[in-house]
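A.B. asks:
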Amino acid sequence: MPCDIVTNVETDEAVAALTFDDGPHPIYTPQLLDILDRHKAKATFFMVGKAAGNHRNIVKMASRAGHAIGNHSWGHHNLKRIASRLRRLKWLLASAWTTAPYGCRLFRPPYGAYNNSICYDASLLQYRIILWNASAQDWIPQDSNQIARKIEDRMAPGTIFLLHDAIYSSHLPDSETMIDRTPMLKGLDAALEKLKSKIDFITVPDLLRTGRPVGNWPLNSA
C-alpha cells in the first residue's frame, strides 16, 4: 500500500522544524524547553510512551509551551522485528494514551525503520509517518561545537531536523545508562543564536501547512 511519509517540506517560507526523539527525560527535556523558549523556537517531540507515562508533567509542560507531541511507540523497539500486528498496534495505542490529550496524529517509527506492515498500522490509526532529512548525529560522541556546526550547516527552509532529548545506551527506556545530552543542549543553544534571525522554527504540523510535503525515504528502511 502507499506509505504516507514525510521527510521534509518544499516551501518558500524561511521555516524549519526541530524534532526531538526518545524523551521525555526528567532532567534534559525541561532544560531543552527553557532553551527553546529563550530563542522563541517551537519544536515537535516524538515521545516514547513508557517515558511519557512516567513524566506526564513534562508532556503537559511541552504542550502548554506550544510544542507538538508525536508518537514514537511504547518502548522504542524496532517495529519491523515485531511480527504480531496486534502487539504493534497495542504499543502504538498505549503510547498515544500516555500523551493524551496532548498528542497529535504524527508517528515516527523508532530508528526510522518501517515497511508496508508498519505503514498499514499507521494508516489504521490515522497517523502520518514523519521522518527527517537532516540530523546532527547526536547519538555519536562529539562536543557541543561539532553539534552546533552540523545544525547550522544542515539547516535549510523546509528541513525536518532530528535530535534527541534522551538517548539510552541500549536505545530502550528500561536501560539505566543515559548518554549525556549536555553537548546537544549547548550545541543547539549556540546554533539557535546564529540561526534565529534567518529561520523561524515551528512545529511539524505547522510546517506541513507551508508547502508541499516530500517523502524521500526508501521503503523497507533499516
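In terms of my numbering, the sequence shown is residues 16 to 237. Ideal placement from N, C-alpha and C gives every residue a C-beta, glycine not left out.
Sort out for me which residues DSSP pairs residue 228 with in a bridge.
C.D. replies: Note: residue 228 sits in a beta bridge opposite 24.
A.B. asks: Taking the alpha helix (DSSP H) that residue 164 belongs to, which residues open and close that run?
C.D. replies: Residue 164 -> alpha helix (DSSP H) spans 159–169.
A.B. asks: To the nearest angstrom, how far is it from the Cα of residue 41 to the Cα of residue 159?
C.D. replies: When rounded, the distance between both Cα atoms is 21 Å.
A.B. asks: Alpha carbon to alpha carbon, how far is residue 73 from residue 81?
C.D. replies: Each residue's alpha carbon lies about 13 Å from the other.
A.B. asks: Taking the beta carbon of residue 197 as the centre, do at least 16 other beta carbons fall within 10 Å, making it buried, or is it exposed?
C.D. replies: Exposed is the call here.
A.B. asks: Between which residues of its own chain and residue 139 is the CB-CB distance below 8 Å, once the five residues before and five after are set aside?
C.D. replies: Same-chain partners within the cutoff: 104.
A.B. asks: What residue range does the beta strand (DSSP E) around residue 90 cover?
C.D. replies: Per DSSP, residue 90 belongs to no beta strand (DSSP E) and is neither H nor E.
A.B. asks: Can you give me the C-alpha to C-alpha distance between residue 199 and residue 150, rounded to a whole angstrom?
C.D. replies: Roughly 12 Å between the two C-alpha positions.
A.B. asks: Just to confirm, are residue 180 and residue 47 a CB contact at a threshold of 7 Å?
C.D. replies: Their beta carbons are under 7 Å apart, which means residue 180 touches residue 47 by this criterion.
A.B. asks: If you drop the 5 nearest sequence neighbours on each side, which residues of the same chain put their C-beta closer than 6 Å to that of residue 206?
C.D. replies: 163, 166 and 167.
A.B. asks: Evaluate the contact criterion for the segment 28–41 versus the segment 49–59: three or more CB pairs, one atom per stretch, below 8 Å.
C.D. replies: The segment 28–41, when compared against the segment 49–59, does touch it at the 8 Å Cβ threshold.
A.B. asks: Just grab the DSSP bridge partners of residue 80 for me.
C.D. replies: Partner(s): none; residue 80 has no beta bridge.
A.B. asks: Would you report the Cα separation of residue 130 and residue 95, rounded to the nearest angstrom?
C.D. replies: In a straight line, the C-alpha of residue 130 is about 7 Å away from that of residue 95.
A.B. asks: For residue 64, which residues in the same chain have their Cβ closer than 8 Å to its Cβ, ignoring the five residues on either side in sequence?
C.D. replies: Counting only Cβ-Cβ distances below 8 Å, and skipping sequence neighbours, we find 86, 87, 88, 89, 90, 106, 109, 110, 111, 112, 113 and 114.
A.B. asks: Using the beta-carbon count (16 or more within 10 Å), is residue 182 buried or exposed?
C.D. replies: Buried is the call here.
A.B. asks: Where do the N-terminal and C-terminal ends of the beta strand (DSSP E) with residue 118 fall, by residue?
C.D. replies: That run of the beta strand (DSSP E) goes 118–122.
A.B. asks: Is residue 109 helix, strand or coil by DSSP?
C.D. replies: Helix, per DSSP.
A.B. asks: Take residue 20 as the anchor and find which of 50, 84, 62 and 136 has the nearest alpha-carbon.
C.D. replies: Residue 136 is the option with its Cα nearest to residue 20.
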